[in-house]
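One structure is given here, and the rest of the page talks about it.
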Amino acid sequence: MEQNEKKGLTPLDKVLINIIENHIYEIAVAVIVLFSLVIRYKLITFKFNGDYISGDFRGFLRVWVDYYRELGVREGLSRTIGDYYVPYNIILAIISVIPIFDEGIWISVVSVFGEYLGALFMFKILNHLTGGNKVRSAFAAAMMLYLPMAMLNGSLWKQCDAFYTSFIFIGLYFFFKKKYDPAFIFFGIAFIFKLQTLFFVPFLIAMYICYHEFSILKFLWFPGLYLAAGIPALICGRSPAATYLVYFRQTDVAKMSIGFPNIYILGIDSYEAMTVPALMITLTVLVLIACFLMRRRDRLDERLMFAIAGFFVMTCVMFLPAMHERYDYLAIIILSMYALAIDLKLAPTAVIMNLCPIFTYGSYLFHMGDNLLNYQHMSLMYLFAYLYAAWYLYRRTSLPAEKEKA
């Protein structure tokens, strides 16, 4: 029967079957990526009652682009417009002079570009960490595009978290390849786009302390690139203070949490009383983690280092004050990719971390800030996810070396 059916196949069928048999996984990944583009097209262009639903876009980003449109690029850069640093302001200024499409679409396009660039380098990272398992790495990197906060952050909310994290992923790829100069250059590029790159720096410090494989002078790429990135504004006439102190103004938020379910949501939410204690608590936890890793450094492989990088970021957003609901973007991606491609045992942490943005983003974008889930309950969920990740990493670093490699 099977032979008769095969005899009835046309040459076209045989070509198609050959392609499917030999490239089914590549085709599946391509289709998944294509569908993710369709999703983003719908979300990028979605309007409700004639306008985009992102309050941050309507109240801030669009206003800033209009300033550049009114003043011109040079005059706009000479002033302090918005609270982003110079490089992202240059992007807003360029958007202001593009004659086709509106600024809402272009702002999303920048972020979506970061999503796909990040997915590409996530594939390269996972392919390296899994020893060349391209199928698993490709599927995981493609599914990164379907994480709830990845789909909503740039396309619908019109934020740029995917843009700066893409540079961190490029840097991580070079870091694991032990090419430290390009690694730190890209970490520095991420920093000039978003202050939250600093949440990643404790991981780099811990790796320096544990292994001494790169010079401490590599960290100078951060201030060096930061100073260089401000030069266009200085040339346009902005003062050094107005140019270089912009990140300090971003920290002037008098709340322990701005929509993020950290531990302070549980009741210790006095910004005046807890700001300095929270900072000291965070630094203490980071020091303890670094000391623990120092003692277990002979048990760490690159795969665990990848998870540890996400855990360091998670620690920062868990214990620092004034955290927004978007600030764990990097941690969510790293820990989700680790669970998908390397060890599914970390899935409880990844699942909870992906559930929380559904509630926080959904409340902000679709329900005018009305809480879809009590924030105290969400904070308990997130605390469990954090403690589970800590337990997981403790267990993994407690295994005999031969078991860990297996």
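Numbering-wise, the sequence shown is residues 547 to 952 according to our numbering. For glycine and all other residues, C-beta sits at the position ideal for the given N, C-alpha and C.
query: Are the CB atoms of A931 and P903 nearer to each other than 9 Å?; result: no
query: Evaluate P823 with the Cβ neighbour count: other Cβ atoms within 10 Å of its Cβ, from every protein chain shown; 16 or more gives buried, anything less gives exposed.; result: exposed
query: Only counting the same chain, and skipping five residues up and downstream in sequence, which positions put a Cβ closer than 8 Å to that of V863?; result: F745, F806, N808, M869, Y873, D874 and A877
query: Among residues of its own chain, excluding the 5 on either side of L780, which ones have a beta-carbon nearer than 8 Å to its beta-carbon?; result: P786 and T789
query: Based on DSSP bridge pairs, tell me the residues matched to F594.; result: D597
query: Using a Cβ-Cβ cut-off of 7 Å (strictly less than) and excluding sequence neighbours within five positions of I827, which residues of its own chain qualify?; result: F865
query: Could you tell me which of F647, K740 and K801 sits nearest to D713, measuring between CA atoms?; result: The sequence shown places Phe at residue 713, rather than the Asp named in the question. Considering only alpha carbons, the answer is K740.
query: State buried or exposed for M840, treating a residue as buried only when at least 16 other CB atoms are found within 10 Å of its CB.; result: exposed
query: Would you call the CB atoms of F852 and I671 closer than 9 Å?; result: yes
query: Unbroken alpha helix (DSSP H) runs of length 4 or more, entirely within the stretch 721 to 805: which are they?; result: 726 to 739, 747 to 757, 767 to 775, 777 to 782, 786 to 790 and 792 to 796
query: Can you name, in chain order, every residue of its own chain whose Cβ lies under 6 Å from the Cβ of N694, other than the five neighbours on each side?; result: A small correction: the amino acid at residue 694 is Pro; Asn does not occupy that position in the sequence shown. Taken in chain order, the residues that qualify are N900, P903 and I904.
query: Candidates P633, V681, R615 and A686: which alpha carbon is nearest L890's?; result: A686
query: For E948, is the classification buried or exposed, using 16 other Cβ atoms within 10 angstroms of its Cβ as the cut-off for buried?; result: At E948 the pLDDT is 42, less than 50, meaning the model places this residue with poor confidence and gives no usable figure here.
query: State the Cα-Cα distance for the pair K764 and D727, rounded to the nearest angstrom.; result: 7 Å
query: With distances taken Cα to Cα, identify the nearest neighbour of R615 among L918, S642, L771 and L623.; result: S642
query: Do Y907 and L589 have their C-beta atoms within less than 9 Å of each other?; result: no
query: Alpha carbons only, please: which of D847, M860 and L933 is nearest the one belonging to T943?; result: D847
query: Nearest by alpha-carbon distance to P645: which of A574, V611, G677 and G660 is it?; result: V611
query: What distance in whole Å lies between the Cβ atoms of L812 and S909, which are believed to be in contact at a cut-off of 8 Å?; result: Actually they do not touch by this definition, with Cβ atoms about 19 Å apart.
query: For the alpha helix (DSSP H) holding L702, just list the boundary residues, first then last.; result: No alpha helix (DSSP H) contains L702, which DSSP labels as neither H nor E.
query: Classify R941 as buried or exposed, calling it buried when 16 or more other Cβ atoms lie within 10 Å of its own Cβ.; result: exposed
query: Give me the Cα-Cα distance between F606 and L558, rounded to the nearest whole angstrom.; result: 55 Å
query: Assign Q705 to buried or exposed, taking buried as 16 or more other Cβ atoms, counted over all protein chains shown, within 10 Å of its Cβ.; result: buried
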